[in-house]
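Residue numbers (the working numbering), protein chains in the order written: chain A, -16 to 231; chain B, 758 to 1075.
Beneath this line is the structure, given in structure tokens, with notes to follow.
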Amino acid sequence: MNAWSNIKTITKRELFAYFTSPLAYVFIVIFLLLCGFFTFMVGGFFERGEASLVRPFFDWHPWFYLFLVPAVGMRLWAEERRVGTLELLLTMPITAWQAIVGKFLASWLFLALALAMTFPVWITVNYLGSPDNGVILCGYLGSWLMAGAYLAISCITSAMTRTQVVSFIIAVVVCLFFILAGFPPVINMLESWAKPWLVDTIASFSVITHFDAFQKGVVDSRDVIFFLSLIGFSLFTTSVILRTHRAG
Amino acid sequence: MIKVHNLAKAFGAKRAVDGVSFTVERGEVLGFLGPNGAGKSTTMRMITGFIPPTEGTASVGGFDIVEHPIEARRLIGYLPENAPAYTDMTVFGFLNIAAEMRGMRGDARKKAVNRAVEMCFLESVLHQSVETLSKGYRHRTCFAQSIIHDPDVLVLDEPTDGLDPNQKHEVRQLIRRMGEKKAIIFSTHILEEVDAACTRAIIIDRGKIVANGTPEHLRQKSEWPWAVTLRVSGINAAALNQKSSHISVVKLTAILREDSTSVTARVFPRNNLNGSLATSIADAAQGWRIEELHTEEGRLDEVFRSITMPDTAASAAK
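If you want it as structure tokens, here you go:
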């Protein structure tokens, strides 16, 4: 109860921070422009002639997030360290865990908002045909979970440094690994020399592999667990980094 | 309220704080003195739970800072060095969040914020963004944050740093006033502040406590406590020297300055006379034109120098 109200306080403060800086608005505008452009122009939404968002819309999300989510997460801890407010935050009567979860939730909610703002795409597809809205909802859920996984990774890199740019770059590189591990061209290349079990293991670490099922409208508990455990592990690593940093 | 026992912190091979022990009771204001890098901030960061100690323990209000950090922190108000604050918020928003993190809601929060704003004179900038504040106001905003929950223990790291003389005076008054009911520990390297606000002072150097006592007590560590400075006109140095050597309690007379009209000298007592040397001199100096006569109580800056830089002070004395 008490822990929850502490988390809520932190979340509120972080959400506030997003919307008082231009970052939030810039992010949402860029995200929506990218979604629109890729869905309708590059993705060939109209040419396909089918009422579905799977290929033209959700397929791009892992790649959008690659650059946009680290930009959302980079300031979480790096900024606190640079300004010195970390000292203030961590000497308040709240645990480091509450601060970590509170900050993560704020950014995740922010990403949920950005994702929800793509509703015109959904309206369009419903206007033009009769898609399976269950599959679309499932895609949205998967997309949000995937964004959470990227975000948790950005939390780690943000806690490692006091420079936001450094955090951004490292987060992009790490997230890129989680995409490429399941990217078809990479998988094909691996299959030419590695044993099948090794290829499968590597591919099972990829966000693309796990996001795929969501796009098809299947909520597999293994995929949900994959994303949630990636988030949990990353947040735990963040707490370890924060602690060792303070321990000197 | 604050008990520190054998606290130590090592950064790699360097021991920033090396076995520091002291206690602060309610009603005490402890001044924490020391040169830059002596370990003042590190000690305070350990007490507030920001960094874990390598060795030793500290407790606040009976709560160990390692085993019961949340309970201990609840009792502490902390002003970190350089007074950090969320620059993207207004003063009002920042204080509200601070109150909320302290678990205050609704009316209690409103009252707490109003009280802190009043005590730190922040009304005029209440709805201004912290980013646009001058250093003094930003400092006071962070100070307001530290007293928002009316804590029993205050830990203030250089609370007057960067303030103008009027603001410094106000903050010292505030500390002094609050010190009547709280246990306060504050660091500074301005020695007048020790006299202005402290009931006790600790001097720390290279991670170790080198002096601990009331300001008066520390002052007597001076090289010449109770020496008398004397300025007489219409007499030359030799005559003064001769006359003073006849006073039984005088150990030594040093001529500080001599010009055509007057002589200034410092007279050292044979042993600690608690200020009665001046009376003896005045009795002996019948017929002299004394222009100045006062007892040196010992000066803190000199004590500070001689304790924290023994080599340089010794060579300067020669």
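Idealized CB from N, CA, C, for every residue including glycine.
Treat the numbers as computed from the prediction; the structure is a model and nothing was measured.
Limits of the unbroken beta strand (DSSP E) element including residue i
i: B/Lys1008; result: Val1007 to Glu1015
i: B/Lys760; result: Ile759 to Phe768
i: B/Thr1021; result: Ser1019 to Pro1026
Residue range of the unbroken alpha helix (DSSP H) whose run includes residue i
i: B/Leu879; result: Element bounds for B/Leu879: n/a, residue is neither H nor E.
i: A/Val156; result: Gln147 to Leu163
i: B/Asn998; result: Ala994 to Ser1002
i: B/Ala968; result: It is not in any alpha helix (DSSP H) - B/Ala968 instead sits in the beta strand (DSSP E) that spans Lys965 to Gly970.
i: A/Trp46; result: His44 to Gly56
i: A/Leu181; result: Pro179 to Ser187
i: A/Trp80; result: Ala79 to Ala99
i: B/Met1043; result: Note on residue identity: the sequence assigns Gln, not Met, to residue 1043 of chain B. Counting along the chain, B/Gln1043 falls outside any alpha helix (DSSP H), and DSSP gives it neither H nor E.
i: B/Ala901; result: Lys892 to Ser903
i: A/Pro114; result: Segment: none, A/Pro114 is in no alpha helix (DSSP H) and carries neither H nor E.
Residue closest to residue i, alpha-carbon to alpha-carbon, out of the options
i: A/Leu96; options: A/Pro179, A/Leu15 and A/Ser(-12); result: A/Leu15
i: A/Ile83; options: A/Thr68, A/Cys138 and A/Phe151; result: A/Cys138
i: B/Pro874; options: B/Gly850, B/Lys766 and B/His1003; result: The question names Pro, but residue 874 of chain B is Val in the sequence shown. Comparing Cα-Cα distances from B/Val874 to each of B/Gly850, B/Lys766 and B/His1003, the minimum goes to B/Gly850.
i: B/Gln885; options: B/Pro908, B/Ile904, B/Asp845 and B/Glu812; result: B/Asp845
i: B/Thr917; options: B/Phe768, B/Gly769, B/Val1007 and B/Leu948; result: B/Leu948
i: B/Arg957; options: B/Glu785, B/Ala773 and B/Ser778; result: B/Glu785
i: B/Ser1001; options: B/Asp864, B/Arg1027 and B/Lys978; result: B/Arg1027
i: A/Gly32; options: A/Gly85, A/Val108, A/Val66 and A/Thr3; result: A/Val108
i: B/Leu1009; options: B/Ala765, B/Thr898, B/Asp914 and B/Leu997; result: B/Leu997
i: A/Ile136; options: A/Ser217, A/Leu128, A/Phe20 and A/Phe166; result: A/Ser217
i: A/Tyr236; options: A/Ser141, A/Leu173, A/Ser35 and A/Ile214; result: Nothing about residue 236 of chain A can be read from this structure; chain A reaches only from -16 to 231.
i: B/Thr1036; options: B/Ser1017, B/Val1006, B/Leu1013 and B/Asp1058; result: B/Val1006
i: A/Tyr48; options: A/Ser175, A/Pro168, A/Ala132 and A/Phe2; result: A/Ala132
Cα-Cα separation between residue i and residue j, rounded to whole angstroms
i: A/Lys(-5); j: B/Leu832; result: 24 Å
i: B/Gly791; j: B/Val761; result: 18 Å
i: B/Arg830; j: A/Asp42; result: 48 Å
i: B/Ser944; j: B/Ile960; result: 10 Å
i: A/Ile(-7); j: B/Asp909; result: 25 Å
i: A/Phe219; j: A/Met143; result: 13 Å
i: B/Ala1070; j: B/Gly796; result: No answer about B/Ala1070 holds up, because its pLDDT of 46 lies below 50 and its placement is not dependable.
i: A/Leu59; j: A/Leu51; result: 14 Å
i: A/Leu(-2); j: B/Pro922; result: 39 Å
i: A/Thr146; j: A/Ile153; result: 11 Å
i: B/Ala1074; j: B/Val985; result: Any reading at B/Ala1074 needs caution, since the residue's pLDDT is 48, under 50, leaving its predicted position unreliable; the model's value is listed next. Between B/Ala1074 and B/Val985, the C-alpha separation is close to 18 Å.
i: A/Trp46; j: A/Phe166; result: 11 Å
i: B/Gln1043; j: B/His974; result: 34 Å
i: A/Thr221; j: A/Met57; result: 13 Å
i: B/Ser903; j: B/Pro826; result: 17 Å
i: A/Leu88; j: B/His926; result: 44 Å
Opposing strand residues paired with residue i [DSSP bridges]
i: A/Tyr123; result: Per DSSP, none; premise fails for A/Tyr123.
i: B/Ser816; result: B/Lys760 and B/Asp821
i: B/Glu1049; result: B/Arg988
i: B/Arg772; result: B/Ala767
i: B/Thr945; result: B/Leu790
i: B/Ile827; result: Note: B/Ile827 sits in no beta bridge, so no partner.
i: B/Arg957; result: B/Leu787
i: B/Val708; result: As displayed, chain B neither begins before 758 nor continues past 1075, which places residue 708 of chain B out of reach and without an answer.
i: B/Tyr835; result: B/Val912
i: B/Asp962; result: B/Lys965
i: B/Ser886; result: B/Thr847
i: B/Ala940; result: B/Val910
Beta-carbon separation (whole angstroms), residue i vs residue j, contact threshold 8 Å
i: B/Val1020; j: B/Ile992; result: 6 Å
i: A/Val118; j: A/Gly200; result: 3 Å
i: A/Phe197; j: A/Asp206; result: 6 Å
i: B/Arg783; j: B/Met758; result: 5 Å
i: A/Ile162; j: A/Ser126; result: That pair is no contact at about 14 Å.
Listed in chain order, which residues of the stretch 70 to 87 of chain A have Cβ atoms closer than 7 Å to some Cβ of chain D?
Of the chains in the structure shown, none is chain D; the protein chains are A and B.
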